[in-house]
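S.K.:
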Amino acid sequence: MSDYRIQGAKGDWEVVVGLEVHAQVISNAKLFSGASTEFGAEPNAQVSLVDAAMPGMLPTINGECVRQAVRTGLALGAQINKFSVFDRKNYFYADLPQGYQISQFKHPVVGEGIVLLDLGEGKTKEVGVERIHLEQDAGKSMHDQHPQFTYVDLNRSGVALMEIVSMPDMRSPDEAGAYLTKLRSIVRYIGSCDGNMEQGSMRADVNVSVRKPGDELGTRCEIKNVNSIRFVRQAIEVEARRQVDIIEAGGTIDQETRLFDPNKGETRSMRSKEEAHDYRYFPDPDLLPLEFDDAFIEAAQDSLPELPDVKKARFMSALGLNDYNAGVLVAEKEQADYFETLVAALAKAAKKDEAAVAVKASNWLTGDLFGALNKAGKTIANSPVTAEQGADLLVLIEDGTISGRIAKDVFEIMFETGKDAAAIVEEKGLKQVSDTGAIEKIIDEVIAANPGQLEQYRAGKDKLLGFFVGQVMKATQGKANPGMVNQLLKPKLDG
Amino acid sequence: MMTDLTKLKIADARDLLKKGEFTSRELTEAHIAAVEASGTLNAYIEKTPDIALAQADAADAVIRAGGSKSMTGIPVGIKDLFATKGVHTQACSHILDGFKPEYESSVTQNLWDDGAVMLGKLNMDEFAMGSSNETSYYGAVKNPWRAEGSNNNYVPGGSSGGSVASVAGYAAMGATASDTGGSIRQPAAFTGTFGMKPTYGRCSRYGMVAFASSLDQAGPITRDVRDGAIMLGSMAGYDVKDSTSVDIPVPNFEAALTGDIRGMKIGIPQEYHLAGMPGEIEALWHKGIEWMKAAGAEVVDINLPHTRYALPTYYIVAPAEASSNLARYDGVKYGLRNVPDGGNLDDMYYTTRGEGFGEEVKRRIMIGTYVLSAGYYDAYYLKAQKVRRLIADDFKRAFEKVDAILTPTAPSAAFAFGEKSNDPLAMYLNDVFTVPASLAGLPGSSVPAGLSENGLPLGLQVLGKAWDEETVFRVSGVIEEAAAFSAQPEMWWR
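Protein chains in written order, with numbering that gives the first Met the number 0: chain G, 0 to 494; chain P, 0 to 493.
(1) State buried or exposed for residue 61 of chain G, treating a residue as buried only when at least 16 other CB atoms are found within 10 Å of its CB.
(2) Against residue 98 of chain G, what residues of chain A qualify as contacts under a CB-to-CB distance less than 9 Å, listed in chain order?
(3) May I have the straight-line CA-CA distance separating residue 497 of chain G from residue 348 of chain G, to the nearest angstrom?
(4) Since residue 189 of chain G contacts residue 340 of chain G with CB under 8 Å, what's their CB separation in whole angstroms?
(5) Mind listing the chain G neighbours of residue 135 of chain P? Cutoff is C-beta to C-beta under 9 Å, in chain order.
(6) To the nearest angstrom, how far is the alpha carbon of residue 267 of chain P from that of residue 327 of chain P?
(7) Have a look at residue 426 of chain G and residue 466 of chain G and give me their C-alpha separation to the nearest angstrom.
(8) Give me whichever residues DSSP pairs with residue 271 of chain P in a beta bridge.
(9) Chain G partners of residue 249 of chain P, CB-CB under 8 Å?
(10) Starting from the N-terminal side, write out each stretch of the beta strand (DSSP E) that is 3 residues or longer and does not extend beyond the region 161 to 220 of chain P.
(11) If we call anything under 8 Å between Cβ atoms a contact, is residue 175 of chain G one with residue 64 of chain G?
(12) Quick one: which chain G residues come within Cβ less than 7 Å of residue 61 of chain P?
(13) What is the DSSP secondary structure of residue 83 of chain G, counted as helix, strand or coil?
(14) To which residues of the same chain is residue 227 of chain P closer than 6 Å at the C-beta, ignoring the five residues directly before and after it?
(15) Spatial neighbours of residue 33 of chain G within its chain, please: C-beta separation below 7 Å, excluding the five flanking residues on both sides.
(16) Which residues in the same chain as residue 456 of chain G place their Cβ atom closer than 6 Å to its Cβ, once the five residues preceding and following it in sequence are excluded?
(17) Got a sec, what are the start and stop residues for the beta strand (DSSP E) residue 404 of chain P sits in?
(18) Our contact map puts residue 329 of chain G next to residue 307 of chain G with C-beta atoms below 8 Å; I'd like the distance itself, whole angstroms only.
(19) Taking Cβ-Cβ distances shorter than 7 Å, what residues in chain G pair up with residue 207 of chain P?
(20) On the DSSP bridge assignment, give the partners of residue 297 of chain P in chain order.
(21) Going along chain P, which residues have a C-beta under 9 Å from residue 108 of chain G?
(22) Quick check: is the beta carbon of residue 240 of chain P nearer than 8 Å to any beta carbon in chain G?
(23) Which of helix, strand or coil does DSSP assign to residue 70 of chain P?
(24) Among residues of its own chain, excluding the 5 on either side of residue 155 of chain G, which ones have a beta-carbon nearer than 6 Å to its beta-carbon?
(25) Locate the beta strand (DSSP E) running through residue 202 of chain G, then write down its first and last residues.
(26) Count the other CB atoms, across all protein chains shown, that sit within 10 Å of the CB of residue 300 of chain P; report buried if there are 16 or more and exposed otherwise.
(27) In whole angstroms, what separates the C-alpha of residue 366 of chain G from that of residue 474 of chain G?
(28) What does residue 66 of chain G touch in chain P if you count any residue whose Cβ is under 8 Å from its own?
(29) Could you check whether the Cβ of residue 386 of chain G sits closer than 8 Å to any Cβ belonging to chain P?
(30) Compare the C-alpha of residue 292 of chain G against each of G:17, G:81, G:454 and G:29 and name the closest.
(31) Determine the extent of the alpha helix (DSSP H) in which residue 183 of chain G is found, giving its start and end residues.
(32) Find the residues of chain G that neighbour residue 373 of chain P, judging by a C-beta separation of less than 7 Å, and give them in chain order.
(33) Please list the residues of the region 79 to 108 of chain P that have a C-beta atom closer than 9 Å to any C-beta atom in chain G, keeping them in chain order.
(34) From which residue to which residue does the alpha helix (DSSP H) around residue 337 of chain G run?
(35) Hey, does residue 358 of chain P have any beta-carbon neighbour from chain G nearer than 8 Å?
(36) Beta-carbon of residue 285 of chain G versus every beta-carbon of chain P: anything under 8 Å?
What follows is the structure, encoded as structure tokens:
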């Protein structure tokens with residue numbers, strides 16, 4: 000149970016959250032027409048006769064969109080409905096050419112499923128998914144193009160959306176954020192949605208109500224079309240606070256649709272229940288019920304990659320990663336893929352088991368590479384250092400060719416230039432000096448050059464060992480094998 | 000010219016064209032002249048002589064090359080609800096003012112692919128809502144037939160009023176039509192023409208302006224049964240662009256016209272004996288029964304117990320779908336747009352739709368909106384869907400016992416203008432015999448079978464099993480032969 004509470008004047012309040020996520024389906028074409036779905040095209044460049052609702056035009060289902068919805072359902076462990084129905088949701092708006100949206104009302108393609116939230120420190124929570132249905136997106140009204148007119152862009156009109164409806168199972172902004180993060184991770188893993196909230200290909204309607212812990216559910220308000228995880232969290236916080244203030248002042252909550260204004264940090268009413276549309280849902284007579292067989296579902300199941308929860312468990316049990324690192328690595332599929340390539344290449348080159356090198360690989364990846372990427376404003380997808388190159392670098396440390404200290408410098412050059420580690424080491428002459436005679440010679444020179452320090456050391460000032468090590472390393476431009484330096488230096492100092 | 004080419008049937012013209020007795024250009028020019036001369040009937044609301052002549056010349060080239068197809072060189076009229084590329088397509092509504100599609104309906108494309116020639120676009124009730132063609136924005140169509148010794152005009156029936164008037168008035172050899180609750184069969188009966196509504200799913204609805212999607216079906220109007228078989232054969236066929244069209248082969252309908260119905264069982268639904276129905280309709284039906292017996296068929300009384308619920312069911316389902324189908328006519332994208340000065344989006348909707356739709360269309364949008372509304376959906380729409388299933392089950396049971404069903408097409412002959420236009424319920428009753436088969440998706444024809452006491456045409460309806468248009472054609476052919484319907488309207492309009 001979440002202990003997140005809104006502190007009111009009259010005690011603590013619990014917030015109850017449910018999310019309806021609209022996820023744009025990755026597909027070659029729109030849900031019911033052959034028009035393209037690419038983002039960023041010129042306005043009205045991707046509009047078929049069907050999308051523009053020309054007289055006599057008819058929708059025909061795009062099987063790929065159905066397959067993606069089924070795959071998403073399977074990834075959430077949800078019930079798949081072999082029989083579902085497309086309904087018309089009727090309302091007038093300028094960017095809704097048909098005067099209705101084709102959606103699924105009574106019989107959605109996917110039934111109940113589960114999303115497992117990672118709440119940090121190994122804590123998890125199950126949030127129920129009530130259903131996933133397929134529907135058409137509307138076009139876009141542009142009110143800022145002309146002082147008098149509104150322009151309409153129908154590129155988005157008819158694009159397939161999955162509406163993923165959660166149960167009211169979340170109890171804090173953190174949980175809602177974790178839900179969206181996890182859901183986004185899953186759809187990206189399976190490639191059913193790109194999850195880009197800033198481009199609008201994933202948007203959330205947030206249902207918020209408050210209650211005294213243990214009470215019945217309160218009246219909810221729906222905050223429409225929130226387009227980032229950060230805003231979802233903020234919206235929940237301010238909306239819950241607003242509701243608590245109203246109730247504590249003796250008022251009641253009206254069930255209504257609201258908008259979140261991130262600039263003002265407030266929600267405001269869009270339309271009340273009285274103004275709510277009567278959508279007059281009825282089965283779309285232009286489309287037959289959607290039916291498919293077990294083979295279709297099995298093929299969809301077979302097409303699923305290893306999902307984040309399973310992958311995380313494997314990283315921990317088989318590769319020995321800790322919960323935190325495993326969680327970080329699996330959060331994005333590209334990261335997990337990078338890691339697996341890195342470990343495999345490293346194990347092969349070092350002739351060791353993957354389990355023996357995985358933690359080192361994970362530390363380098365989450366530390367050095369992620370740090371550098373972050374600083375450079377890059378992502379793993381456009382990392383200048385490939386997983387294979389990373390493995391080459393780690394092998395050089397593993398086999399003693401370079402020291403960990405030098406490796407950091409080499410990595411910096413790799414990150415800047417994209418060159419291979421071995422080439423850099425070669426070019427810059429950074430190879431570790433592990434020749435006993437050579438190191439001994441330098442040690443002797445350093446000791447001879449610092450008689451005062453030697454005396455103090457021998458008088459008991461042990462800390463000066465570090466000074467001598469540093470001098471030796473300096474003399475070799477850091478290339479001396481530090482283990483050997485330590486090993487050889489001490490007996491000589493001790494005399 | 001040797002004969003009036005406009006009096007020919009499609010089958011005859013097809014054979015004579017092939018023999019080179021005349022060219023499609025000659026045939027088409029004769030029809031273009033007939034179209035011009037038919038202005039009084041108001042059957043055509045858009046004439047396309049240039050297109051017709053170009054198609055005719057192309058057809059002549061095909062014929063010379065020996066590549067004739069079923070409709071090569073045959074001039075036909077097209078109901079205004081079929082999209083024809085670059086040509087007036089408004090379903091005779093004001094709200095589609097100026098609309099010329101950039102696409103062709105599948106049904107008309109099939110006809111052009113088979114070599115047919117387009118004379119123009121035909122008048123109809125607005126959005127196919129009506130049984131008299133009085134709701135057209137382009138004015139009513141006059142029935143070519145007049146009562147004996149009378150100069151009064153009669154309605155041609157609807158909604159395919161222009162289609163039947165053009166064919167009965169010798170201004171087209173055939174015409175496309177559409178039937179939602181009887182819009183092919185009732186006007187065919189009123190004009191002494193043959194009309195065929197095939198099984199739902201036989202013809203593609205792609206490019207047909209929608210009225211009620213689950214009921215709309217295209218079909219032909221022709222001057223006899225054989226022509227209907229030829230023309231439907233061309234119009235029909237599976238289409239991936241219509242999810243409700245069905246992928247089964249189109250049989251050779253003409254080959255079904257064997258004239259032999261010996262041993263066939265013909266059902267007579269007892270519920271179609273309506274109280275107060277004119278005696279001449281009962282008498283015609285009885286004649287039809289005798290013709291069936293004389294041809295060696297066995298006549299069987301059957302029951303279709305839910306018949307009396309068909310009209311109310313239809314007038315819930317069809318307006319419900321229409322209210323949604325017509326939502327796209329909003330002034331935003333095409334057709335009429337009226338915005339009062341300083342008006343906003345809602346004002347544009349009110350004004351455009353208020354002025355763009357006629358009274359009957361508005362009535363049905365309101366009925367449809369009402370029956371789908373929260374709180375009424377279960378009582379009306381959902382219940383109507385259940386009753387629709389029961390009506391379909393009635394037919395299914397009946398067709399376990401019989402091969403075809405024979406009924407009158409309409410409860411009366413053509414009526415006068417204005418006679419029913421102010422009484423929607425009386426108007427809706429026109430469809431009482433045609434609506435049940437529409438709800439069940441079954442094929443049905445109307446065959447000219449005789450004249451009323453005052454000399455107006457009457458039709459008999461033949462209904463068949465789903466996908467068994469062949470039996471409907473065969474039985475229709477037998478009725479046609481037995482009825483020997485040879486009356487013709489006097490050409491008062493030419």
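Don't be surprised by glycine CBs; every beta carbon is placed ideally from N, CA and C.
M.R.: On the basis of the coordinates in this document:
(1) buried
(2) Among the chains of the structure shown, chain A does not appear; the protein chains present are G and P.
(3) Nothing can be reported for residue 497 of chain G: it is not among the residues displayed for chain G, which extend from 0 to 494.
(4) 20 Å between Cβ atoms; not a contact.
(5) Under the 9 Å cutoff, chain G gives no residues; its nearest Cβ is about 16 Å from residue 135 of chain P.
(6) In a straight line, the C-alpha of residue 267 of chain P is about 42 Å away from that of residue 327 of chain P.
(7) When rounded, the distance between both Cα atoms is 29 Å.
(8) In the DSSP output, where bridge partners are listed per residue, residue 271 of chain P has none listed.
(9) Under the 8 Å cutoff, chain G gives no residues; its nearest Cβ is about 20 Å from residue 249 of chain P.
(10) Qualifying beta strand (DSSP E) stretches, in chain order: 173 to 178 and 193 to 196.
(11) no
(12) The contacting residues do not exist; residue 61 of chain P stays about 28 Å from chain G at best.
(13) strand
(14) 193, 195, 219 and 221
(15) 47
(16) Excluding positions up to five away in sequence, the list reads 463 and 492.
(17) It spans 403 to 407 - the beta strand (DSSP E) in which residue 404 of chain P sits, taken as one unbroken run.
(18) 4 Å
(19) 55
(20) P:264
(21) The premise fails here: residue 108 of chain G is roughly 16 Å from chain P at the closest Cβ pair, so nothing lies under 9 Å.
(22) yes
(23) coil
(24) 136, 138 and 139.
(25) 201 to 210
(26) exposed
(27) 29 Å
(28) Here the premise fails: no neighbours, minimum Cβ distance about 17 Å.
(29) Residue 386 of chain G does not count as touching chain P.
(30) Selected option, being the one with the closest Cα: G:81.
(31) 172 to 189
(32) Residues of chain G with a Cβ closer than 7 Å to the Cβ of residue 373 of chain P are, in chain order, 277.
(33) 80, 81, 82, 88, 89, 90, 95, 98, 100, 101, 102 and 104
(34) 332 to 349
(35) no
(36) yes
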